[in-house]
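*Asks:* Residue numbers for the sequence shown follow our numbering, beginning at 64 and rising by one.
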Amino acid sequence: MKVTVVGSGYVGLVSGACLADVGNDVLCLDVDPDKIAVLNAGGIPIHEPGLEAMIARNRVAGRIRFTTDPATAARHGTIQFIAVGTPPGEDGSADLQYVVAAARSIGKHMDGYRVVVDKSTVPVGTADRVRAAIAEELAQRGTGEAFSVVSNPEFLKEGAAIEDFMRPDRIVIGADDDLAVEKMRELYAPFQRNHERLLVMDVRSAELTKYAANAMLATRISFMNELANLAEKLGADIELVRQGIGSDPRIGYHFLYAGAGYGGSCFPKDVKALIRTARTAGQELQILGAVESANEAQKGVLGRKVVARFGESLAGRHFALWGLAFKPNTDDMREAPSVVLVNDLIRRGATVSAYDPVAMAEAGRVFGAQPKLAYAESPMGALDGADALLIMTEWKEFRSPDFDAIKARLKQPLIIDGRNLFEPATVRRYGIDYLAIGRR
Numbered sequence: 064m065k066v067t068v069v070g071s072g073y074v075g076l077v078s079g080a081c082l083a084d085v086g087n088d089v090l091c092l093d094v095d096p097d098k099i100a101v102l103n104a105g106g107i108p109i110h111e112p113g114l115e116a117m118i119a120r121n122r123v124a125g126r127i128r129f130t131t132d133p134a135t136a137a138r139h140g141t142i143q144f145i146a147v148g149t150p151p152g153e154d155g156s157a158d159l160q161y162v163v164a165a166a167r168s169i170g171k172h173m174d175g176y177r178v179v180v181d182k183s184t185v186p187v188g189t190a191d192r193v194r195a196a197i198a199e200e201l202a203q204r205g206t207g208e209a210f211s212v213v214s215n216p217e218f219l220k221e222g223a224a225i226e227d228f229m230r231p232d233r234i235v236i237g238a239d240d241d242l243a244v245e246k247m248r249e250l251y252a253p254f255q256r257n258h259e260r261l262l263v264m265d266v267r268s269a270e271l272t273k274y275a276a277n278a279m280l281a282t283r284i285s286f287m288n289e290l291a292n293l294a295e296k297l298g299a300d301i302e303l304v305r306q307g308i309g310s311d312p313r314i315g316y317h318f319l320y321a322g323a324g325y326g327g328s329c330f331p332k333d334v335k336a337l338i339r340t341a342r343t344a345g346q347e348l349q350i351l352g353a354v355e356s357a358n359e360a361q362k363g364v365l366g367r368k369v370v371a372r373f374g375e376s377l378a379g380r381h382f383a384l385w386g387l388a389f390k391p392n393t394d395d396m397r398e399a400p401s402v403v404l405v406n407d408l409i410r411r412g413a414t415v416s417a418y419d420p421v422a423m424a425e426a427g428r429v430f431g432a433q434p435k436l437a438y439a440e441s442p443m444g445a446l447d448g449a450d451a452l453l454i455m456t457e458w459k460e461f462r463s464p465d466f467d468a469i470k471a472r473l474k475q476p477l478i479i480d481g482r483n484l485f486e487p488a489t490v491r492r493y494g495i496d497y498l499a500i501g502r503r
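(1) Just verifying my parser: in three-state terms, what is the DSSP assignment at THR456?
(2) Could you please give the first and the last residue of the uninterrupted alpha helix (DSSP H) stretch that includes HIS172?
(3) What did DSSP end up calling PRO151 once you bin it into helix, strand or coil?
(4) What first and last residue would you give for the beta strand (DSSP E) that runs through PHE485?
(5) Nearest to ARG342 by alpha carbon, out of GLN160, VAL68 and VAL187?
(6) Measuring only the C-alpha atoms, how far is PRO253 from GLY170?
(7) Where does ARG305 land, buried or exposed, given buried means 16+ other C-beta within 10 angstroms?
(8) Indicate the three-state DSSP secondary structure (helix, strand or coil) for ARG313 in the structure shown.
(9) Provide the residue span of the beta strand (DSSP E) that contains VAL180, from first to last.
(10) In terms of residue numbering, what span does the alpha helix (DSSP H) encompassing GLY75 cover?
(11) Extract the residue ranges of the beta strand (DSSP E) inside the region 230-258, only unbroken runs of 3 or more that lie entirely within it.
(12) In the DSSP output, which residue or residues are listed as bridge partners for PHE382?
(13) Does the region 419-429 come into contact with the region 376-394, if we say contact requires no fewer than three beta-carbon pairs (one atom in each stretch) closer than 8 Å?
(14) In the DSSP assignment, what are the bridge partners of ILE142?
(15) Going by the DSSP bridge assignment, what does TYR497 pair with across the sheet?
(16) By a C-beta neighbour count over all protein chains shown, 10 Å radius and 16 as the cutoff for buried, is PRO96 buried or exposed?
(17) Under a three-way DSSP split, which group does VAL194 fall into?
(18) Distance, Cα to Cα, LEU259 vs PRO151?
(19) What would DSSP say about MET264, mapped onto helix, strand or coil?
(20) Could you tell me which residues DSSP pairs with LEU219 in its beta bridges?
(21) With three or more beta-carbon pairs closer than 8 Å as the criterion, would you say the region 330-337 touches the region 270-288?
(22) Give me the DSSP bridge partner(s) of THR130.
(23) Have a look at ARG267 and LEU348 and give me their C-alpha separation to the nearest angstrom.
(24) Would the beta-carbon of THR481 fall within 7 Å of that of MET455?
(25) Using a Cβ-Cβ cut-off of 7 Å (strictly less than) and excluding sequence neighbours within five positions of ALA243, which residues of its own chain qualify?
(26) Which residues in the same chain as LEU114 place their Cβ atom closer than 7 Å to its Cβ, once the five residues preceding and following it in sequence are excluded?
(27) Return helix, strand or coil for VAL364, following the three-state DSSP convention.
(28) Pairs of beta-carbons, one from the region 404-413 and one from the region 352-367, closer than 8 Å: are there three or more?
(29) Does the distance from the C-beta atom of HIS172 to that of ALA202 stay below 7 Å?
(30) Would you call the CB atoms of ALA269 and GLY237 closer than 7 Å?
(31) Return the CA-CA distance between ALA294 and LEU319, expressed in angstroms with no decimal places.
(32) With DSSP run on the structure shown, which of helix, strand or coil describes PHE389?
(33) Following the continuous beta strand (DSSP E) through ALA437, name the residue where it begins and the one where it ends.
(34) Taking DSSP as the reference, what is the three-state secondary structure of ALA119?
(35) So, helix, strand or coil for ALA157, using DSSP?
Shown next as structure tokens:
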């Protein structure tokens, strides 16, 4: 099938590459010429394991190409994916200007039947706006080209996006006509050969499904973080509590890990957008309001532990930081808890030496020229002369460190762990004081 993907960011690139990998003819469009230049030169503008190699082999095979020309893109694919950004507005609502602009571009240049697919995470009712924008462009041209609008939300985890796309738990299709459903079934047939994964529903239900999924996962994270904070006060161990409740099949173990709060491009933005959507409809989502508040507070949990140990003023103190990305296997620092921590430490007078396997270049962009923040070439290189080691991202390479070497390099033997990587008793056997989230 001929497929156009409008937007060559995270969702667009992963979707385009995976669709090309099963034999489709994919053209990816982006208005950013620098991004397209990087892609045409064989690079990729994001970090996602396996993506660069997948794009490379499909470029060689001629199954994926990149362009800045909207007319060429609109005329290429019968399936037109819209995978542009939907950044949060000042009121928390999703900004749909790029989605609507993409729809107008398709309507302006399309030359036959098109299935226009909302792949971006968008509020309920967006498909109606996309449909209206395309219809308006076609009316101005005086043509009657047929088209369908479909909602097909993505459920990709950063760091495991290729696996999620190639072996999906479910494929949600929101459509109002049989022809569009038929085209989407044909497109996704290679991804559901062993059993049916396609869930067909109305467009608005599909749009709400994506927000509901992310809101539920964010709720579990904030719930466990609140329990972890309570466990510390009560002398309980949140890891044992997690095992106790996770063994109930009605609850399960997923997303029950306490930590320093969630970040990234999805959960914070989608929770805000769903709250705003409900408010516009005349309903207050009280639970999600609490989820958001709890998460914002949790991002400061390591800073509070540092202050409890060293005092309000951190002038003259130096800290090592392991992890900058909001989660492992990505360089994404959007809404990352590490940003809150670093800014808090520097504001109080401390200096920081940070290490992250892939996110240090992005950190340089986020923090700018900050004289009190340095970047180390290795995890151990960040430790020299530090008053404590702070951990903010659960990268695998941090999980089994040389604790004797850590103790030798630190000014004082203290680890404050925002991701509960280690067993407290194990760390303390090495003579290192260990403060985690909700652990005894």
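Glycine included, C-beta positions come from ideal geometry on N, C-alpha and C.
*Replies:* Walking through what the data contain:
(1) Translated into the one-based positions of the sequence shown, residue 456 becomes position 393. It is coil, neither helix nor strand.
(2) Translated into positions along the sequence shown, residue 172 becomes position 109. Per DSSP, HIS172 belongs to the alpha helix (DSSP H) from 160-172.
(3) One-based indexing of the sequence shown puts residue 151 at position 88. Here PRO151 sits in strand by DSSP.
(4) The residue you call residue 485 lines up with position 422 of the sequence shown. It is not in any beta strand (DSSP E) - PHE485 carries neither H nor E in the DSSP assignment.
(5) The residue given as residue 342 occupies position 279 in the sequence shown. Of GLN160, VAL68 and VAL187, the residue nearest in Cα terms is VAL187.
(6) As a position in the sequence shown, residue 253 is number 190, starting the count at 1. As a position in the sequence shown, residue 170 is number 107, starting the count at 1. Looking at the two C-alpha atoms, the distance is approximately 29 Å.
(7) As a first step, residue 305 is located in the sequence shown; it is residue number 242 there, counting from the start. By the C-beta density criterion, ARG305 is buried, having at least 16 other C-beta atoms within 10 angstroms.
(8) By 1-based counting over the sequence shown, the position of residue 313 is 250. Note: ARG313 maps to coil in three-state DSSP.
(9) Within the sequence shown, the letter at position 117 stands for residue 180. Where VAL180 is concerned, the enclosing beta strand (DSSP E) stretches over 177-181.
(10) In the sequence shown, the residue the question calls residue 75 occupies position 12. It spans 73-84 - the alpha helix (DSSP H) in which GLY75 sits, taken as one unbroken run.
(11) Runs found: 234-237.
(12) Along the sequence shown, one-based indexing puts residue 382 at 319. In the DSSP output, where bridge partners are listed per residue, PHE382 has VAL415 and ALA451.
(13) Yes, they touch.
(14) As a first step, residue 142 is located in the sequence shown; it is residue number 79 there, counting from the start. VAL66 and VAL178, per the DSSP bridge assignment.
(15) Here residue 497 is taken as the residue at index 434 of the sequence shown, counted from 1. Paired residue(s): ILE478.
(16) The residue given as residue 96 occupies position 33 in the sequence shown. Of the other Cβ atoms in all chains shown, fewer than 16 fall within 10 Å of the Cβ of PRO96; this residue is therefore exposed.
(17) In the sequence shown, the residue the question calls residue 194 occupies position 131. Note that residue 194 is Arg in the sequence shown, not Val. Helix at ARG194.
(18) One-based indexing of the sequence shown puts residue 259 at position 196. One-based indexing of the sequence shown puts residue 151 at position 88. Before going further, note that residue 259 is Glu rather than Leu in the sequence given. So the alpha carbons of these two residues sit roughly 34 Å apart.
(19) Stepping through the sequence shown from its first residue, residue 264 is reached at position 201. The answer is strand: DSSP assigns MET264 an E or B state.
(20) By one-based count along the sequence shown, residue 219 stands at place 156. In the DSSP output, where bridge partners are listed per residue, LEU219 has none listed.
(21) Segment contact: the region 330-337 against the region 270-288, three or more CB-CB distances shorter than 8 Å; contact assigned.
(22) Residue 130 sits at position 67 when you count from the first residue of the sequence shown. Answer by DSSP bridge pairing, in chain order: LEU92.
(23) Locating residue 267 in the sequence shown gives position 204, where the first residue counts as 1. Locating residue 348 in the sequence shown gives position 285, where the first residue counts as 1. Each residue's Cα considered, the two are about 18 Å apart.
(24) Numbered from its first residue, the sequence shown carries residue 481 at position 418. Numbered from its first residue, the sequence shown carries residue 455 at position 392. Checking the sequence shown, residue 481 turns out to be Gly, not Thr. Their beta carbons are under 7 Å apart, which means GLY481 touches MET455 by this criterion.
(25) As a working note, residue 243 is residue 180 in the sequence shown. Here the set comprises VAL178, SER211 and VAL213.
(26) If you number the sequence shown from 1, residue 114 lands on position 51. Result list for LEU114: LEU76, VAL77, ALA80, ILE107 and ILE225, in chain order.
(27) Taking the sequence shown and counting its residues from 1, the one referred to as residue 364 is at position 301. Correct three-state label for VAL364: helix.
(28) The answer is yes - the region 352-367 touches the region 404-413, with three or more Cβ pairs under 8 Å.
(29) In the sequence shown, the residue the question calls residue 172 occupies position 109. In the sequence shown, the residue the question calls residue 202 occupies position 139. Not in contact: HIS172 and ALA202 (Cβ atoms no closer than 7 Å).
(30) What you label residue 269 is simply residue 206 of the sequence shown in a count that begins at 1. What you label residue 237 is simply residue 174 of the sequence shown in a count that begins at 1. Yes, the pair counts as a contact, with Cβ atoms nearer than the cut-off.
(31) Counting from 1 along the sequence shown, the entry for residue 294 is found at position 231. Counting from 1 along the sequence shown, the entry for residue 319 is found at position 256. In a straight line, the C-alpha of ALA294 is about 14 Å away from that of LEU319.
(32) Here residue 389 refers to the residue found at position 326 of the sequence shown. Here PHE389 sits in coil by DSSP.
(33) To locate residue 437, count along the sequence shown from 1; it is residue 374. 436-438 is the extent of the beta strand (DSSP E) around ALA437.
(34) Position 56 of the sequence shown, counting from 1, holds the residue named residue 119. ALA119 falls in the helix class under three-state DSSP.
(35) One-based indexing of the sequence shown puts residue 157 at position 94. Residue state, collapsed to three classes: strand.
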